[in-house]
Amino acid sequence: DAGITQSPRHKVTETGTPVTLRCHQTENHRYMYWYRQDPGHGLRLIHYSYGVKDTDKGEVSDGYSVSRSKTEDFLLTLESATSSQTSVYFCAISDRIGLAAYNEQFFGPGTRLTVL
Amino acid sequence: LAKTTQPISMDSYEGQEVNITCSHNNIATNDYITWYQQFPSQGPRFIIQGYKTKVTNEVASLFIPADRKSSTLSLPRVSLSDTAVYYCLVGKNNAGNMLTFGGGTRLMVKP
């Protein structure tokens, strides 16, 4: 399995508090992503990064910010958590394999966040 | 991004072959078809990818007709451990590409 860890794995917080989730990879992959998954739904992209300090918004970016100061770390911050942000958050990584364009993404174990 | 439609759920029994069909009527010329598998409490895992005709690996086969408006994921002789959600995705095959997941197909394998 790809070397991806997420921390914390579980977190319970209160509405209005800031929360930061961390994704750490040991694969030196260029691209990193944050998704959220809600019950009965597929994954939705929040933000992604295509290199150090290079990030962009995904489908559901409102209320979230990200930072990537090192290749191996991609942080997701909820500036002021709301109950609608209760979800499971997955980090993913990908890279170009040799000369072949390839879009396989490797996913981390997920972080279950509950906002009360 | 091309929209995909797949059954919400399917049931099967151990040892049977399971075929999950995905419709993608507005697939673009340079779009690829990719399938991911997700077990409970885990992130999705890549299964197979194809552009046309048939692709086979150690896990599954992917059948794509000439018009590419649909595709079928075939899982040979499923076991209880194949119980998972299977997602069909359509899009460009570029490193760094964003993936769009639909609702997936929840496969339940029974003994």
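If you read the sequences in order, they're chains A and B. The numbering used here puts the first residue of the first sequence at 891, with every later residue one more than the last. The numbering used here puts the first residue of the second sequence at 24, with every later residue one more than the last. We put the beta carbon where it would ideally sit given N, CA and C, even for glycine. Keep in mind the model is a prediction, meaning the values are calculated, not measured.
Along chain B, in chain order, which residues have C-beta atoms closer than 7 Å to that of residue i?
{"i": "G932/A", "result": "Y110, F124, G125, G126 and G127"}
{"i": "E994/A", "result": "F69"}
Taking Cβ-Cβ distances shorter than 8 Å, what residues in chain A pair up with residue i?
{"i": "Q29/B", "result": "By Cβ distance, chain A contributes nothing, its closest Cβ being about 10 Å from Q29/B, past 8 Å."}
Using DSSP's beta-bridge definition, name the partner residues of residue i.
{"i": "Y36/B", "result": "K133/B"}
{"i": "M922/A", "result": "S939/A and I983/A"}
{"i": "F144/B", "result": "Residue 144/B cannot be examined here, being either before or after the span of chain B that is shown, 24 to 134."}
{"i": "H914/A", "result": "T895/A and D963/A"}
{"i": "A971/A", "result": "DSSP lists no partner for A971/A."}
{"i": "F69/B", "result": "Y59/B"}
{"i": "I43/B", "result": "L96/B"}
{"i": "K26/B", "result": "Answer by DSSP bridge pairing: none, since K26/B is not bridged."}
{"i": "H900/A", "result": "R1002/A"}
{"i": "F996/A", "result": "I983/A"}
{"i": "G953/A", "result": "None; G953/A has no bridge partner."}
{"i": "T945/A", "result": "S939/A"}
{"i": "S977/A", "result": "L1003/A"}
{"i": "L933/A", "result": "Q927/A"}
{"i": "D54/B", "result": "K115/B"}
{"i": "V108/B", "result": "Q61/B and R129/B"}
{"i": "V909/A", "result": "L968/A"}
Which bits of chain B does residue i rub up against, with CB to CB less than 8 Å?
{"i": "G998/A", "result": "G66"}
Residues of chain A with CB closer than 7 Å to the CB of residue i, please, in chain order.
{"i": "M121/B", "result": "L935, Y938 and G948"}
Using a C-beta cutoff of 8 Å, does residue i count as contacting chain E?
{"i": "C111/B", "result": "Absent from the structure: chain E. Protein chains present are A and B."}
Is the number of C-beta pairs between the region 975 to 985 of chain A and the region 92 to 102 of chain B that are closer than 8 Å three or more? No: fewer than three Cβ pairs fall under 8 Å.
Would the region 52 to 71 of chain B and the region 108 to 124 of chain B be scored as touching if the rule is three or more Cβ pairs under 8 Å? yes
Mind the definition here: the region 964 to 980 of chain A touches the region 921 to 935 of chain A only if three or more C-beta pairs lie below 8 Å; say whether that holds. yes
Just by C-beta distance, which residues in the region 935 to 951 of chain A are closer than 7 Å to chain B? L935, Y938, Y940 and G948
Going along the region 963 to 982 of chain A in order, which residues come within less than 9 Å of chain B, judged by CB to CB distance? So the close ones are V978, F980, C981 and A982.
Segment contact, 8 Å Cβ cut-off, at least three pairs: the region 910 to 919 of chain A with the region 38 to 47 of chain B: The region 910 to 919 of chain A is not in contact with the region 38 to 47 of chain B.
Segment contact flag, the region 106 to 119 of chain B with the region 43 to 53 of chain B, C-beta cutoff 8 Å, min 3 pairs: yes
Okay, do the region 952 to 969 of chain A and the region 27 to 34 of chain B touch, 3+ Cβ pairs below 8 Å being the bar? Judged by Cβ distances under 8 Å, the region 952 to 969 of chain A makes no contact with the region 27 to 34 of chain B, as fewer than three pairs qualify.
Per the contact definition of three or more C-beta pairs closer than 8 Å, is the region 937 to 954 of chain A in contact with the region 900 to 910 of chain A? no
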